[in-house]
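Take a look at the structure below.
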Amino acid sequence: RHRLLEKELRELQAAERQLDDLIQMCTVQLRLLTEDPANQQYPLVPTAAYVTCQDLRSVVDPSEQMVMVIKAPPETQLQVSDPTEAFQVSVRSTQGPIDVFLCPED
Amino acid sequence: AQECQNLETEKQKRIERIKEKRAQLQELLLQQIAFKNLVQRNQQNEQQNQGPPALNSTIQLPFLIVNTSNRTVIDCSISSDKFEYLFNFDNTFEIHDDSEVLKRMGMSFGLEAGKCSADDLRTAKSLVPKALEGYITDMSAEFPWINQRLLSS
Amino acid sequence: RSRILVSIGESFGASEKFQRINQLVCSSEGQLKRSAEGGAAPKPLKRL
Chain A
8 RHRLLEKELR
18 ELQAAERQLD
28 DLIQMCTVQL
38 RLLTEDPANQ
48 QYPLVPTAAY
58 VTCQDLRSVV
68 DPSEQMVMVI
78 KAPPETQLQV
88 SDPTEAFQVS
98 VRSTQGPIDV
108 FLCPED
Chain B
10 AQECQNLETE
20 KQKRIERIKE
30 KRAQLQELLL
40 QQIAFKNLVQ
50 RNQQNEQQNQ
60 GPPALNSTIQ
70 LPFLIVNTSN
80 RTVIDCSISS
90 DKFEYLFNFD
100 NTFEIHDDSE
110 VLKRMGMSFG
120 LEAGKCSADD
130 LRTAKSLVPK
140 ALEGYITDMS
150 AEFPWINQRL
160 LSS
Chain C
318 RSRILVSIGE
328 SFGASEKFQR
338 INQLVCSSEG
348 QLKRSAEGGA
358 APKPLKRL
């Protein structure tokens, strides 16, 4: 049983290492993809990495809900207060202004 | 016997860690598929419409959305340099990031729910590196894909 | 007291934090406690 357990542990160790490598690779790829100069935050020339207001209305029922969009620079801190005291959200940026707007209902 | 017990404990811990890492890898793959699918869709639309939609009708990634009832009253305080906002809601609200919005738009072909048609599965696999295609196939399968992947490796 | 802090743009895990925030906010405890204390509902605020 001891020998079998050691063998299983070695296999799991190899599988975990494989997952670590894949996660690292995917994280880098996603960062390159989303932070690609063409897709840089506040791009000089808009790129195809966008959603339309119509898209937002398709995921939220516009007759019932309003949608507020927050565009913030990386590392912006979003804090939600304790809901038992207040429904409060604060957003604080250190790298640039934050844009907030309501998605138009129609 | 004590050593076997220790090995068994270590084995369970490792299996738990592998489950968490599997979920993390799945999430990263879903985000990658959704992002690429969105860009492809937009590029096709732009070709059909001979150009991008009006600038004020598009929201570049990344973004957050806060949705709340139409009847909610929101008090908003803004610092003069727009570096700080404070929102007070008089009702409940929800916050979602862009990856969640893309999933709800169907940009990840329903893989997150394990429901994906054969055509969409083919398209999804074409959006990730070849080395990871197997994980996409497993993700759409019924049984836990990591076991199949572990066994095969 | 802020319950949850999220750094926007972090490569991973933000979605889960938002899910946790949404569960917290939508759980009824918020309203129950305020109504239990008879606390006045939030003062009428202007619409954004």
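Chains as they are written, first to last, in the numbering used here: chain A, 8 to 113; chain B, 10 to 162; chain C, 318 to 365.
Built from N, CA and C at the ideal position, the CB exists for glycine as well.
At a cut-off of 8 Å, would you count residue i as near the ligand MG, judging by its Cβ distance to the nearest heavy atom?
i	result
Ile30/A	Absence of the ligand MG is noted for the structure shown, with no ligands found whatsoever.
Using 9 Å as the limit for Cβ to Cβ distance, is residue i near chain A?
i	result
Ser344/C	yes
Asp147/B	no
Ala140/B	yes
Asp99/B	yes
Ser135/B	no
Ser66/B	yes
Leu16/B	yes
Gln41/B	yes
Leaving out five residues on either side along the sequence, give the residues of the same chain with a beta carbon under 7 Å from the beta carbon of residue i.
i	result
Ser100/A	Ala79, Pro80 and Thr83
Ser88/A	Gln95
Between residue i and the rest of its own chain, which residues show a CB-CB distance below 6 Å, the 5 nearest in sequence each way excluded?
i	result
Ala357/C	Because the pLDDT of Ala357/C is 47, which lies under 50, any placement of that residue in the model is unreliable, and the number read from its coordinates should be weighed accordingly. Excluding positions up to five away in sequence, the list is empty.
Gly119/B	Cys125
Glu55/B	Pro61
Val82/B	Asp99
Ser86/B	Leu95
Val74/A	Leu63, Val67 and Cys110
Would you call the CB atoms of residue i and residue j closer than 9 Å?
i	j	result
Phe94/A	Asn97/B	yes
Cys33/A	Arg64/A	no
Val58/A	Leu47/B	yes
Leu19/A	Leu34/B	no
Lys20/B	Leu12/A	yes
Arg23/B	Leu85/A	no
Ala55/A	Gln52/B	yes
Val76/A	Met114/B	no
Pro90/A	Ser344/C	yes
By Cβ distance below 8 Å, which residues in the same chain neighbour residue i in space, the five residues on each side in sequence not counted?
i	result
Phe335/C	Val323
Ala32/B	none
Compare the Cα-Cα distances from residue i to each of the options and report the closest residue.
i	options	result
Asp106/A	Gln11/B, Lys20/B, Glu142/B and Ser89/B	Ser89/B
Gln102/A	Glu19/B, Arg50/B and Glu93/B	Glu93/B
Glu71/A	Gln53/B, Arg50/B and Phe102/B	Phe102/B
Val342/C	Val75/B, Asp128/B, Ser86/B and Cys85/B	Val75/B
Asp147/B	Arg26/B, Gly123/B, Glu12/B and Gln59/B	Gly123/B
Report yes or no: is there a C-beta of chain B within less than 9 Å of the C-beta of residue i?
i	result
Thr91/A	no
Taking 9 Å as the CB-CB limit, is residue i close to chain C?
i	result
Gln84/A	yes
Val87/A	yes
Glu36/B	yes
Open item on the list: With three or more C-beta pairs closer than 8 Å as the rule, is the segment 106-114 of chain B touching the segment 66-74 of chain B?
Closed with: Per the Cβ contact rule, the segment 66-74 of chain B is in contact with the segment 106-114 of chain B (3 or more Cβ pairs under 8 Å).
- [ ] Report yes or no: do the segment 32-42 of chain B and the segment 131-145 of chain B share at least 3 C-beta pairs separated by less than 8 Å?
- [x] In this structure the segment 32-42 of chain B lies against the segment 131-145 of chain B, because at least three pairs of beta carbons, one per stretch, are closer than 8 Å.
Open item on the list: For the segment 52-66 of chain B against the segment 32-43 of chain A, do three or more pairs of beta-carbon atoms, one drawn from each stretch, fall closer than 8 Å, so that the two count as touching?
Closed with: Output reads no: the segment 32-43 of chain A does not touch the segment 52-66 of chain B.
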